[in-house]
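Step one of this worksheet: look at the structure below.
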Amino acid sequence: MSTEPIMMEASPTDEELFLRYQARGDLESFGQLYDRYGPALFRFLRRFLGDRAAAEDLTQHAFLRIHEARASFDAQRSFRTWAFTIARRLALNWLDRERRAAKPSVHNEASDPAPSPERMTIVRREVEQLRRAFAKLPREDVEVVLLAKYEGLSHQQIGEIVGCSADAAKMRLHRALKRLAEQLPNVAKRSTG
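Just so we're aligned, residue 8 is where the sequence shown starts under our numbering, counting upward by one.
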């Protein structure tokens, strides 16, 4: 019986996968990136826009843009931040078009699975409180909170996505969370008490 350790092949990094796609048109590598980032981009877009259908469309458009801009990808940059930057730009453009059209965005919570009617009532009330609080915040605050708290991105990554330094992103996040807490006093009391 051999006592040599079994070596597991490490998964390629996002950047390695994208470089394979960029250089050779490796669709399997692109598919792996889609599997890794499609759900995260969708979650970010859905929360940012409050519109499931728009988030689905923009997730697809983000990957189309990634494909179209593949020649300009800088291998020194994080694929993750590049993908979120593209998704953010698409979301901002969508919001601008919606504002100009004065068509309100509607989120259909009924399509989300619910464990029980009682729990769903509580969740809907909390979601509505959060939605109202986010609606009172500047768009810039909403995006940094979503990127940090829901997507787990670092200050450095957020800075790259929104076009500022890591320190500026940290300050923006701190101010945004403070403003959000002011809008949600009951939530703030529960989390500190």
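Cβ coordinates follow ideal geometry from the N, Cα and C atoms, glycine included.
Just so you know, these numbers come straight off a predicted model, no measurement behind them.
Please classify residue i: does DSSP put it in a helix, a strand, or coil?
i      : result
Asp58  : coil
His114 : With a pLDDT of 49 at His114, under the threshold of 50, the modelled position of that residue is not reliable, and the figure given next carries that caveat. The answer is coil: DSSP assigns His114 none of H, G, I, E or B.
Lys143 : coil
Asp103 : helix
Leu24  : helix
Leu97  : helix
Thr160 : Going by the sequence as given, residue 160 is Leu instead of Thr. Leu160: coil per DSSP, three-state reduction.
Taking its Cβ as the centre, do 16 or more other Cβ atoms sit within 10 Å of residue i, making it buried, or is it exposed?
i     : result
His74 : exposed
Arg1  : The structure shown does not extend to residue 1, since the chain is modelled only from 8 through 200, so no value can be given for it.
Asp58 : buried
Would the beta-carbon of residue i fall within 8 Å of that of residue j?
i      : j      : result
Asp173 : Gly166 : Strictly speaking, residue 173 in this sequence is Ala, with Asp absent from that position. Yes.
Thr66  : Gly45  : yes
Ala61  : Trp101 : yes
Phe55  : Ala90  : no
Glu147 : Arg179 : yes
Rounded to the nearest angstrom, what separates residue i and residue j at their Cα positions?
i      : j     : result
Arg27  : Thr20 : 11 Å
Phe141 : Phe86 : 28 Å
Ile168 : Phe51 : 13 Å
Glu189 : Glu23 : 43 Å
Among the options, which residue has its Cα nearest to the Cα of residue i?
i     : options                     : result
Ile93 : Glu105, Ala69, Ala78, Phe86 : Ala69
Ala30 : Arg104, Gly38, Ala78        : Ala78
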